[in-house]
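These notes are about the structure you will find just below.
In the UniProt record's numbering, the protein residues as written are 1 to 153.
Laid out in structure tokens, this is it:
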């Protein structure tokens, strides 16, 4: 059975559990001044579309697309469940986010992430999808820890 991508599901218990793991990991692996992870309540904002990936009903991961205006969107809170690593969930979620951004007529996708080994798998995913180094955006401060990426659509 292929991976199924769904918009929504933020209130589901398995999503909330994985989101709690994500928030804890971001706080554990990011300096406080560079930790911009959004809690679940912030992901419910109308400017954010939340996506889940499932296989046989089991949650594999999630991601979110934030509308920034001026033809831009931001990828927020991508996370694959540790038990689902290597199953293609991150790639499937990123493809769904990219497709949604294209359907909305966005010109580019932006994201902010870390540079330490804890972020290496995510950086590989984004680079394989065609993301390139970018200038800071959205008021995020620059630091040695922070990396900005963009995908022109």
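Backbone N, C-alpha and C define an ideal beta-carbon position, used for all residues, glycine too.
| query | If you draw a straight line from the alpha carbon of residue 17 to that of residue 41, how long is it in whole angstroms? | reply | The residue you call residue 17 lines up with position 17 of the chain shown. The residue you call residue 41 lines up with position 41 of the chain shown. One C-alpha to the other measures close to 14 angstroms.
| said: Does residue 79 come out as helix, strand or coil in the three-state DSSP assignment? | reply: By one-based count along the chain shown, residue 79 stands at place 79. Looking at residue 79 - three-state DSSP - the assignment turns out to be strand.
| request: Pair every Cβ in the stretch 127-145 with every Cβ in the stretch 39-57, then say whether three or more of these pairs are closer than 8 angstroms. | output: no
| said: To test your reading of the DSSP string, which unbroken alpha helix (DSSP H) runs of 4 or more residues are found completely within the UniProt domain "N-acetyltransferase" (5-152)? | reply: 13-29, 40-43, 89-103 and 120-128
| Taking buried to mean at least 16 other C-beta atoms within 10 Å of its own C-beta, is residue 22 buried or exposed? | The residue labelled residue 22 in the question sits at position 22 within the chain shown. Buried is the call here.
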